[in-house]
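One structure is given below, encoded as structure tokens.
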Amino acid sequence: NLPPLPIPTLEDTMSKFLKHLEALQADDHPEERDKTKRLVDDFLKPNVNISVNVKNEEGTTPATPTTTTTTGPQLQRLLLEYDRSGRESGLIGSYVEEFWNDAYLAPDSSVVLNLNPYFVLESSPDPKLSGNQIRRAASLCFASVKMASQLRNGNLKPDTFKGKPLCMAQFRALFGASRVPRKWREKIHDDAESSLVVILVYNQLFHFQALWPQDGDVAVDEGDIGDILQAISIHAHKIHNQNNSSSSEDNKTTSDDSSLSALGVLTSLGRKQWAKAREEMIAYSPTKNTEGFRLVDTALFVLVLDDYIPKNKHEAASNMLHGSYELSSSEQQSTSTKYQSGSCTNRWYDKLQIIVTADGGAGINFEHSAIDGHTALRFVSDIYADTVISFAQSITKLVNAHDGMIPSVIAANIRRAAVTLDDQGRTTLDVFPKKINFVLSDSIKRKIYFAETALGDQIVASDTHVLEFTDYGKRFITFNKLSPDSYVQMSMMLAYYKLYGKIVCAYEPVLTKSFYHGRTEAMRPATMEAKEFCEVFCDPKSSSEEKLIALRNATTAHSKLVKECAKGQGCDRHLFSLKCIAAKNDLPIPDFFRSEPWKLLNHTILSTSNCGNPSLRGFGFGPVVPDGYGIGYIIKESNLHYSICSKHRQTKRYALTLEGVLREMASLLE
1 NLPPLPIPTL
11 EDTMSKFLKH
21 LEALQADDHP
31 EERDKTKRLV
41 DDFLKPNVNI
51 SVNVKNEEGT
61 TPATPTTTTT
71 TGPQLQRLLL
81 EYDRSGRESG
91 LIGSYVEEFW
101 NDAYLAPDSS
111 VVLNLNPYFV
121 LESSPDPKLS
131 GNQIRRAASL
141 CFASVKMASQ
151 LRNGNLKPDT
161 FKGKPLCMAQ
171 FRALFGASRV
181 PRKWREKIHD
191 DAESSLVVIL
201 VYNQLFHFQA
211 LWPQDGDVAV
221 DEGDIGDILQ
231 AISIHAHKIH
241 NQNNSSSSED
251 NKTTSDDSSL
261 SALGVLTSLG
271 RKQWAKAREE
281 MIAYSPTKNT
291 EGFRLVDTAL
301 FVLVLDDYIP
311 KNKHEAASNM
321 LHGSYELSSS
331 EQQSTSTKYQ
341 SGSCTNRWYD
351 KLQIIVTADG
361 GAGINFEHSA
371 IDGHTALRFV
381 SDIYADTVIS
391 FAQSITKLVN
401 AHDGMIPSVI
411 AANIRRAAVT
421 LDDQGRTTLD
431 VFPKKINFVL
441 SDSIKRKIYF
451 AETALGDQIV
461 ASDTHVLEFT
471 DYGKRFITFN
481 KLSPDSYVQM
491 SMMLAYYKLY
501 GKIVCAYEPV
511 LTKSFYHGRT
521 EAMRPATMEA
531 KEFCEVFCDP
541 KSSSEEKLIA
551 LRNATTAHSK
561 LVKECAKGQG
571 CDRHLFSLKC
581 IAAKNDLPIP
591 DFFRSEPWKL
601 LNHTILSTSN
611 CGNPSLRGFG
621 FGPVVPDGYG
631 IGYIIKESNL
641 HYSICSKHRQ
651 TKRYALTLEG
661 VLREMASLLE
């Protein structure tokens, strides 16, 4: 019943395109803006000829090339028709859906640092879970399995915003989904009847049955999961500590270098490389390796147990983003030989991962092509809240008058397989954990090693810094009648300006889930008002009053654009779809999409996103361009949290500049 995502008029979109570029094009080169205006005018003309060789009816190319063209109005008509026919046939949910999915699935680059975001959860208030890896993991796993059961049975309460329903389509790809590597266009494999959980510990894979296959009821409780995880951990640790290679043909892990068989690290490769390695594995052992991949691909999610304790908040964030990097010497080789003993190999990046460190710290890393941050946030919020309520119930249970008065956040039907017996007194569902055994050729082991060294390069080149600003938060900002999100956006723009002396292209995703199959629209924070704010603020001649006026103007302009984007009236997704509809119809791509202004608006230096609530301690992602910053931020009542990541840039210095900017901005306010 949700309305379709609207397609803006071509004129409105091109007008906004020009507005987005105003602050980015240098003041001392007015000819740039003149060229951009002419470029837009040409794109809007119904007939603009470009020379293209077109074969005549005889199949030969004439001496004088026939002129043909692809115009903006022509692409707009094609897009409107594509949207109408696609929605009527049910093949698409929105005009941008197919193209946006391809934008995620088509690139050959690694998903690590380039695509997958992460969340860091707050510590558990339950002293039984705090500091205990197995118990914390069991608690989060149990809540997640219950939510999967809810979703399968259609009992998950829909999302709303200000009383209005939001599209829930993405939740189909939350559990039981996997990004499957292929040499051509990749796909998301989702199993609606998924019922097992995969455990990854010491680079080894295990699985157990968590839901009843027939009806999706929960087959294990928290205690059962704790026992299962304890058994898996003991078994995996035993294999990890063996002095010699296992005699099993399927398992040749040694204590010195389990990373040699860390199959999950292959998911960090470029996608075509990973597809080739996967095909090679299936060809090498068609039965066992095909079954192993089937188990992992169809699992509800991967629960990762790390043998690692972060030393600080920066390492905690880095571990959730890409794992830890640590080289150790092999006992059985020369001291000059190093192997990877960090947690970076203990991952499976093609799926939703719940990661629990050795000290009970927890977070998630999720494959981003099928779900956005808002969907992942609902997931972590529900499972974290459920563990908190479970703790509260354990307290009130001791007081008879309050027993049963606190309802669970995630209500699911639980039928423990351990006590569900047949006529002969046997369990009717096997929930005992089992190891997933892959057969690895020497060639694949070499690929695993080189995948690890390539990932190591990415990690060493990356820098993550967390700024937890505790002077003030949402309450202080709203008291001064400013939008918290717009205020935080201006703080990041100003920090960059103070450090580098210029305004750069920035990006903030705005939710469009109020529309059918809506995802996000790109909001561009680098407005002329933001530019003026940065210039006024950094001018020593400016008064406090002038600075405050500039801040209010900038936040007002930002808020206005956010509201337009939320209504589906941005320009980025529309322009992107126009480019894609040309390719889909085998039409020449207009020069507009190869122009410098187009490239300028799509080279995002400050890639930012606001995603969080009290369940999260941190949220972040990598930069989207080599010279950019990836900044995830959380606005809390009394503090502001930024997780900043870059490659070969001064991440810490930017964070320190940002901290100073926040104090300077606050000095203008009451």
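Read left to right, the sequence shown gives residues 1 to 670 (the UniProt record's numbering). Note that beta-carbon positions come from the ideal geometry of N, C-alpha and C, so glycine has one too.
Cα separation between SER259 and ARG172?
Approximately 33 Å between the Cα atoms of the pair.
First and last residue of the beta strand (DSSP E) that includes ASN365?
That run of the beta strand (DSSP E) goes 362-365.
What is the DSSP secondary structure of THR608, reduced to helix, strand or coil?
The answer is strand: DSSP assigns THR608 an E or B state.
Could you tell me whether the Cβ atoms of CYS167 and TYR516 are closer together than 7 Å?
Between CYS167 and TYR516, the CB-CB gap stays under 7 Å.
What would DSSP say about GLU521, mapped onto helix, strand or coil?
Strand.
Rounded to a whole number of angstroms, what is the C-alpha to C-alpha distance between SER667 and CYS538?
A straight line joining the alpha-carbon of SER667 with that of CYS538 spans about 14 Å.
Compute the beta-carbon to beta-carbon distance between PHE301 and ILE354, rounded to the nearest angstrom, for a pair I have assumed lies under 8 Å.
Under the criterion of beta carbons closer than 8 Å, PHE301 and ILE354 qualify as touching, at roughly 6 Å.
GLY456 - containing alpha helix (DSSP H), residue span:
It spans 442-461 - the alpha helix (DSSP H) in which GLY456 sits, taken as one unbroken run.
Nearest-angstrom Cα distance between ALA219 and ILE232?
Spanning the alpha carbons of ALA219 and ILE232 requires a straight line of approximately 18 Å.
Suppose only complete runs of 4+ residues qualify. What are the alpha helix (DSSP H) ranges in the region 74-115, listed by chain order?
Here the runs fully enclosed are 97-105.
Considering just the uninterrupted stretch of the alpha helix (DSSP H) at VAL40, what are its terminal residues?
Where VAL40 is concerned, the enclosing alpha helix (DSSP H) stretches over 30-44.
Tell whether a beta-carbon distance below 7 Å holds between TYR654 and TYR642.
No, they are not a contact pair.
Identified DSSP bridge partners for LYS510
Looking at the sequence provided, one finds Val at residue 510 rather than Lys. Residue pairing by DSSP puts VAL510 in a beta bridge opposite GLU521.
Where do the ends of the alpha helix (DSSP H) carrying LEU295 lie?
First-last of the alpha helix (DSSP H) with LEU295: 286-298.
Which parts of the region 162-227 are runs of the beta strand (DSSP E), unbroken and 3 residues or longer, counting only runs that do not cross its ends?
For the region 162-227, the continuous beta strand (DSSP E) assignments of 3+ residues that do not extend past its boundaries occur at 177-180, 187-190, 196-201 and 204-209, in sequence order.
Kindly identify the DSSP beta-bridge partner or partners of LEU640.
Its beta-bridge partners are PHE469 and ILE635.
Quick check on this structure: which residue in VAL460, ARG38 and THR70 has the alpha carbon closest to the alpha carbon of SER15?
The candidate whose alpha carbon is nearest that of SER15 is ARG38.
State buried or exposed for LYS502, treating a residue as buried only when at least 16 other CB atoms are found within 10 Å of its CB.
Exposed, because fewer than 16 other Cβ atoms sit within 10 Å of the Cβ of LYS502.
Can VAL265 and THR345 be called in contact, C-beta distance under 7 Å?
Contact flag set, yes.
Under the three-state DSSP convention, the category ARG136 falls into
In the structure shown, ARG136 falls within a helical segment according to DSSP collapsed to helix, strand and coil.
Taking contact to mean 3 or more Cβ pairs, one atom from each stretch, closer than 8 Å, check whether the region 435-455 and the region 268-287 are in contact.
The region 435-455 is in contact with the region 268-287.
Does the beta-carbon distance from LEU113 to GLN458 come in below 7 Å?
The answer is yes: Cβ separation under 7 Å.
Straight-line gap, SER285 to GLN74 (C-alpha atoms, nearest Å)
So the alpha carbons of these two residues sit roughly 52 Å apart.
Rounded to whole angstroms, what is the Cα-Cα separation between VAL466 and GLY618?
Taking C-alpha positions only, VAL466 is separated from GLY618 by approximately 8 Å.
Taking VAL380 as the reference, which of ARG84, LEU140 and ASP430 has the closest Cα?
When only C-alpha atoms are compared, the closest one is LEU140.
Buried or exposed for HIS648, going by 16 or more other Cβ atoms inside 10 Å?
Counting every other CB atom within 10 Å of its CB across the protein chains shown gives HIS648 a total below 16, marking it as exposed.
Beta-carbon proximity of ARG136 to ALA317, cut-off 7 Å:
The Cβ atoms of ARG136 and ALA317 do not sit closer than 7 Å to each other.
Shortest alpha-carbon distance to LEU606 belongs to which of MET493, GLN650, ARG594 and LYS45?
It is MET493.
Compare the beta carbon distance of SER144 and ILE383 with 7 Å and say whether it is the shorter of the two.
Closer than 7 Å, so yes.
Near LEU479, which residues of its chain fall below 6 Å by C-beta distance, leaving aside the five closest residues on each side in sequence?
With the sequence shown as reference, residue 479 is identified as Phe, and Leu is not the correct amino acid for it. Counting only Cβ-Cβ distances below 6 Å, and skipping sequence neighbours, we find nothing.
Along the beta strand (DSSP E) that carries TYR118, what are the first and last residues, could you check?
Segment 118-121, the beta strand (DSSP E) holding TYR118.
Skipping 5 residues on each side, what residues in its chain have a beta carbon closer than 7 Å to that of THR375?
Cβ contact annotation for THR375 (same chain, cutoff 7 Å, sequence separation greater than five): GLN170, PHE171 and LEU174, in chain order.
Would you decide whether THR67 is buried or exposed? Buried here means 16 or more other CB atoms lie within 10 Å of its CB.
In this predicted model, THR67 has a pLDDT of only 46, less than 50, meaning its place in the structure is not dependable; the value taken from the coordinates is given anyway. THR67 sits exposed, since fewer than 16 C-beta atoms from the chains shown fall within 10 Å of its C-beta.
State yes or no: is the C-beta of CYS571 within less than 7 Å of the C-beta of PHE17?
At the C-beta level, CYS571 and PHE17 come within 7 Å of one another.
From the DSSP secondary-structure annotation, give me the bridge partner or partners of TYR497.
None; TYR497 has no bridge partner.
What residues in its chain sit with their C-beta under 8 Å from that of ARG552, if we drop five residues either side in the sequence?
Contacts found: LEU482.
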